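Engineer:
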Amino acid sequence: MVGDDNPDITNYLGHMELGVGTQLGKFNFFTAVRNNLKRNDNKGSVELNISYALPEGYDILIQYFNGYGD
């Protein structure tokens, strides 16, 4: 790609992303994992989110991320 300043991004962000979420009362839980699916040079990430619903449409979010591509 002409002008691409990160041509190797798929080697780090990956080719697969899987996310799962659920709601328990006012709490929402979501987790996502990414992986490049390479046996010898495996890279990926994991993301965990917990949010709590407040009045008037606001939420508090706690997020943990580890890996490539945040």
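My numbering numbers the first residue of the sequence shown as -19 and each following residue consecutively. Each residue gets a CB set at the ideal place from its N, CA and C atoms; glycine is no exception. Every value quoted in this text rests on a predicted model; they were computed, and no experiment measured them.
Quick check: the Cα distance between V0 and F10, rounded to an integer number of angstroms?
Structural biologist: Within the sequence shown, residue 0 is the residue found at index 20, counting from 1. Within the sequence shown, residue 10 is the residue found at index 30, counting from 1. Answer to the nearest angstrom: the Cα atoms are 6 Å apart.
Engineer: Using CA atoms only, rank isn't needed, just tell me which of E(-3), Q43, K23 and N22 is closest to I30.
Structural biologist: Numbered from its first residue, the sequence shown carries residue 30 at position 50. Among E(-3), Q43, K23 and N22, the Cα nearest to that of I30 belongs to Q43.
Engineer: Going along the chain, which unbroken runs of the alpha helix (DSSP H) with 4 or more residues stay wholly within the segment -12 to 27?
Structural biologist: Qualifying alpha helix (DSSP H) stretches, in chain order: -11 to -7.
Engineer: Would you kindly report the start and end of the unbroken beta strand (DSSP E) that includes G47?
Structural biologist: Stepping through the sequence shown from its first residue, residue 47 is reached at position 67. Taken as a continuous stretch (DSSP letters only), the beta strand (DSSP E) holding G47 covers D39 to G47.
Engineer: Taking the C-alpha atoms as reference points, what is the distance between Y32 and N46?
Structural biologist: Start at 1 with the first residue of the sequence shown, and residue 32 comes out as number 52. Start at 1 with the first residue of the sequence shown, and residue 46 comes out as number 66. Near 22 Å, if we compare the C-alpha coordinates of N46 and Y32.
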